[in-house]
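Sequence order for the protein chains is Y and E. In this text, residue positions in the first sequence follow this note's numbering: the first is 190, and each later residue adds one. In this text, residue positions in the second sequence follow this note's numbering: the first is 190, and each later residue adds one. We treat Cβ as the ideally placed atom computed from N, Cα and C, and that holds for glycine.
Protein chains: 2
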Amino acid sequence: MKIIRNIEEMKIISKEIKSKGMSLGMVPTMGFLHEGHKSLIKCAKENNDIVTVSIFVNPTQFGPDEDYESYPRDLEHDSKICQMEGVDYIFHPEPDEMYPDGYSTFVIPGEKMTNILCGITRPGHFRGVCTVLTKLFSIINPDNAYFGEKDIQQLAIVRRMVKDLNLGVNINGCPIIREEDGLAKSSRNTYLNEEERKAAIILRKSILKGKEFMDNGEKNVEKIRKVIVDSINSEPLAKIDYVEIIDFDTFDRIEKLSKNTLIAMAVYIGKTRLIDNLIY
Amino acid sequence: MKIIRNIEEMKIISKEIKSKGMSLGMVPTMGFLHEGHKSLIKCAKENNDIVTVSIFVNPTQFGPDEDYESYPRDLEHDSKICQMEGVDYIFHPEPDEMYPDGYSTFVIPGEKMTNILCGITRPGHFRGVCTVLTKLFSIINPDNAYFGEKDIQQLAIVRRMVKDLNLGVNINGCPIIREEDGLAKSSRNTYLNEEERKAAIILRKSILKGKEFMDNGEKNVEKIRKVIVDSINSEPLAKIDYVEIIDFDTFDRIEKLSKNTLIAMAVYIGKTRLIDNLIY
Chain Y
190 MKIIRNIEEM KIISKEIKSK GMSLGMVPTM GFLHEGHKSL IKCAKENNDI VTVSIFVNPT
250 QFGPDEDYES YPRDLEHDSK ICQMEGVDYI FHPEPDEMYP DGYSTFVIPG EKMTNILCGI
310 TRPGHFRGVC TVLTKLFSII NPDNAYFGEK DIQQLAIVRR MVKDLNLGVN INGCPIIREE
370 DGLAKSSRNT YLNEEERKAA IILRKSILKG KEFMDNGEKN VEKIRKVIVD SINSEPLAKI
430 DYVEIIDFDT FDRIEKLSKN TLIAMAVYIG KTRLIDNLIY
Chain E
190 MKIIRNIEEM KIISKEIKSK GMSLGMVPTM GFLHEGHKSL IKCAKENNDI VTVSIFVNPT
250 QFGPDEDYES YPRDLEHDSK ICQMEGVDYI FHPEPDEMYP DGYSTFVIPG EKMTNILCGI
310 TRPGHFRGVC TVLTKLFSII NPDNAYFGEK DIQQLAIVRR MVKDLNLGVN INGCPIIREE
370 DGLAKSSRNT YLNEEERKAA IILRKSILKG KEFMDNGEKN VEKIRKVIVD SINSEPLAKI
430 DYVEIIDFDT FDRIEKLSKN TLIAMAVYIG KTRLIDNLIY
């Protein structure tokens, strides 16, 4: 396994791989890899000749008051995981090389997909995501890229972007990986103290309460939403950012369940913002 | 020569060309080809194994009050020119295939390069240009792309975009091709009636007056600008959109001539908006 820090070097290596007719899978990450990332890497390994993992804490997708500086980083630990999982290349560029002086071009997803869910409290976040992914896809030129379904809005936006810009990368969504008690794995879980960690299961628990309600035939979205909101509010350490139930195909807010309904939430546990979702 | 109308087919052909190790040159155009385009094609032919010309009147780079519908189109005439010039492929997609229902992603260049010159009276124009070029570059994946220096702001913005997004295409600027009397060749020149056609030489004439002033040692930008503006205003059919003198490297407005000064103008002759420029 090789760690590549230079854009031009990564381009040359990727070109060589493609010129040999080998398939190239890519897992874009911000590092601090956990079981969720491992499952993406495994999926990439199974379906591609060569696998590149990018590790880049992307400054343009953090807001000014967000945790860019404190976001956890551990390249040594990440390298070990990648090595164990049979990754061929880690691409780990410096922020200054990705965004040099005078940098000014951004890729902007449509408002309909960003003026909702995480896009409301994280303005500019998906602009940063789309921009860095357009760059990474250009540099690495993968046949396949793998994304977790935990960041479900990101997955939908990236799919749309790749289709719109004809980027020619297959975007693969992989199921959420959870702790034993149901908490979705996330690099940000490391921010939680013991008490908060226990409280954090309220996200999954509340989604399942809503699901049970739906399984029992409830189709009224506002009623389902209320069950979920009340459940989260029963946890004193939890503070809701949003709980939304939308049509996953159109990103429209709905009153009755649709064929492909997305329940998505962002909840603060103490100061840590966690997300979870369910497609029903 | 083949005319390709389908995005997927164009992608497959371009992939084959690249997989054979052949170099691929691309000339992006909106069709109605003239000597200016021919010079770009010639340059592409000289420096690449295969040349693809895209012909696509891109709706996203026209404002609501601009000439998208009336923009001149003549595929038969364009095909003949391309055939004569030894072009290998024309890529001529339908607007509906380039921008299908639900299309929502845009590539946006930095404000510093767009809040000036043509960007002021054509808001969204360069957003459309950057978006369609990102798409075309993804579909065709050229080694080299060729642009006329007549659209000098476009050339600078595209260079910046390709660098920022790591698109890996060499952007080549080619000199302005002119009519015998100095008028820069443009598909929009066909809009001019006989009287307007004569009046249109005022753009080049006025730039040369400014140049003469600079050749004689004048360094004060406002004085040079006044000479040019007065010259244009001496033509009754001319109405100035802008006359600007800026630093071409930084896109800053300047008071004294810089190492790389750009004189750029847009002038209405009757209802037809023409542009011209000089780098000094």
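- When CB distances to chain Y are screened at a threshold of 9 Å, the residues of the stretch 274 to 302 of chain E falling below it are 287, 288, 289, 291, 292, 293, 294, 295, 296, 297, 298, 299, 300, 301, 302, in chain order.
- For residue 355 of chain E, the closest Cβ of chain Y is nearer than 8 Å.
- About 5 Å separates the CB atoms of residue 316 of chain E and residue 295 of chain E; that is less than 8 Å, so the two are in contact.
- Annotated as distal: residue 356 of chain Y and residue 388 of chain Y, with beta-carbon spacing of 8 Å or more.
- Listed along chain E are 355, each with a C-beta nearer than 8 Å to that of residue 196 of chain Y.
- Under the criterion of beta carbons closer than 8 Å, residue 281 of chain E and residue 245 of chain E qualify as touching, at roughly 7 Å.
- Shown in chain order are the members of the stretch 190 to 222 of chain Y whose Cβ falls below 8 Å from a Cβ of chain E: 196, 200, 208, 210.
- The C-beta distance from residue 220 of chain E to residue 267 of chain E rounds to 5 Å, short enough to fall under 8 Å.
- Listed along the chain, the chain E residues whose CB falls inside 9 Å of the CB of residue 328 of chain Y are 355, 357.
- Around the beta carbon of residue 217 of chain Y, a 10 Å sphere encloses 16 or more other beta carbons of the protein chains shown; the residue is thus reported as buried.
- Ranked by how close their Cα comes to the Cα of residue 379 of chain E, the residues E:461, E:361, E:411, E:339 have E:461 in first place.
- Within a 10 Å sphere around the beta-carbon of residue 376 of chain E sit 16 or more other beta-carbons, which makes this residue buried.
- Counting the other CB atoms within 10 Å of its CB gives residue 346 of chain Y a total of 16 or more, which places it among the buried residues.
- Going by DSSP, residue 236 of chain E is part of the alpha helix (DSSP H) stretching over 224 to 236.
- Rounded to the nearest whole angstrom, the C-alpha separation of residue 199 of chain E and residue 192 of chain E is 10 Å.
- Minimum Cα-Cα distance from residue 456 of chain Y among the listed residues Y:418, Y:467, Y:382 corresponds to Y:418.
- DSSP places residue 433 of chain E inside the beta strand (DSSP E), whose first and last residues are 427 to 436.
- The beta-carbon distance between residue 469 of chain Y and residue 452 of chain Y, rounded to whole angstroms, is 7 Å. This is short enough to meet the 8 Å contact definition.
- Sixteen is the threshold: since fewer than 16 other Cβ atoms of the shown chains lie within 10 Å of the Cβ of residue 423 of chain E, the residue is exposed.
- Taking the Cα positions, residue 369 of chain E is about 57 Å away from residue 342 of chain Y.
- Sequence-ordered contacts of the stretch 420 to 451 of chain Y with chain E are nonexistent [C-beta pairs closer than 7 Å].
- Residue 225 of chain Y counts as buried, since at least 16 other C-beta atoms from the protein chains shown sit within 10 angstroms of its C-beta.
- In the three-state scheme derived from DSSP, where H, G and I count as helix and E and B as strand, residue 380 of chain Y is classed as helix.
- Residue environment for residue 237 of chain E: buried (at least 16 other C-beta atoms within 10 angstroms of its C-beta).
- In this structure, DSSP gives residue 313 of chain Y a state outside helix and strand, which the three-state scheme calls coil.
- For residue 275 of chain Y, the secondary structure class from DSSP, reduced to helix, strand or coil, is coil.
- With a threshold of 16 other beta carbon atoms within 10 Å, residue 298 of chain E meets it and is buried.
- Residue environment: residue 439 of chain E is assigned as exposed (fewer than 16 neighbouring CB atoms within 10 Å of its CB, all protein chains considered).
- Under the three-state reduction of DSSP, residue 204 of chain Y is assigned to helix.
- Under the criterion of beta carbons closer than 8 Å, residue 443 of chain E and residue 434 of chain E qualify as touching, at roughly 7 Å.
- Contact between residue 263 of chain Y and residue 241 of chain Y is ruled out by a C-beta separation of about 19 Å, above the 8 Å threshold.
- Restricting attention to Y:209, Y:231, Y:292, the CA atom closest to the CA of residue 352 of chain E is found in Y:292.
- With distances taken between CA atoms, residue 286 of chain E lies nearest to E:247 out of E:406, E:411, E:247.
- If the five residues before and after residue 402 of chain E are omitted, its C-beta is found closer than 7 Å to the C-beta atoms of 413, 416, all from its own chain and listed in chain order.
- The residue from Y:454, Y:190, Y:409 with its alpha-carbon nearest to that of residue 445 of chain Y is Y:409.
- Within the same chain, and ignoring the five residues on either side of residue 203 of chain Y in sequence, the residues whose Cβ sits closer than 6 Å to its Cβ are 329, 330.
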